[in-house]
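In this note's numbering, the protein residues as written are 966 to 1097.
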């Protein structure tokens, strides 16, 4: 078996984090509403879209920076940033937006162990959402 590398562990951690975000943002039927355009789709058809783009390590796994988005808004419209900003402003306010902007300017490198801890944290939160 190959030793775990940071990129491989990061991919596994993102998969768990993304599932948590989409589950967190879903209704009791398992449908998510895109926070930027309002389309409703099943969890598996939605994505975990970042408010501050670029997937920088310092904010990559910050729950406040990531919400359920449809493919069209997240990819084709590059996050649909104006509507995302309006959502963030209403949900969190300017203070959190400024905090995320400052955090984004920080440099962060992960170790495999840090990523494993982050994954375990969101796996537990996902289990709690699913009633396990």
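Idealized CB from N, CA, C, for every residue including glycine.
> Do the region 998-1007 and the region 970-979 meet, that is, are 3 or more Cβ pairs less than 8 Å apart?
Replying inline: no
>> Quick check: the Cα distance between residue 1050 and residue 1016, rounded to an integer number of angstroms?
In response: Stepping through the chain shown from its first residue, residue 1050 is reached at position 85. Stepping through the chain shown from its first residue, residue 1016 is reached at position 51. So the alpha carbons of these two residues sit roughly 7 Å apart.
> With C-beta atoms as the reference, is residue 1075 less than 8 Å away from residue 985?
Replying inline: Translated into positions along the chain shown, residue 1075 becomes position 110. Translated into positions along the chain shown, residue 985 becomes position 20. For residue 1075 and residue 985, no; Cβs fall outside 8 Å.
>> From the DSSP secondary-structure annotation, give me the bridge partner or partners of residue 1015.
In response: Position 50 of the chain shown holds residue 1015. Partner(s): 1031.
> Are any of the Cβ atoms in chain C nearer than 8 Å to that of residue 1079?
Replying inline: Chain labels in this structure do not include chain C; a single protein chain is all it has.
>> For a test of the three-state rule: what should DSSP assign to residue 1005, helix, strand or coil?
In response: Translated into positions along the chain shown, residue 1005 becomes position 40. Strand.
> Expressed to the nearest angstrom, what Euclidean distance is found between the alpha-carbon atoms of residue 974 and residue 1080?
Replying inline: As a first step, residue 974 is located in the chain shown; it is residue number 9 there, counting from the start. As a first step, residue 1080 is located in the chain shown; it is residue number 115 there, counting from the start. Spanning the two alpha carbons is a distance of roughly 6 Å.
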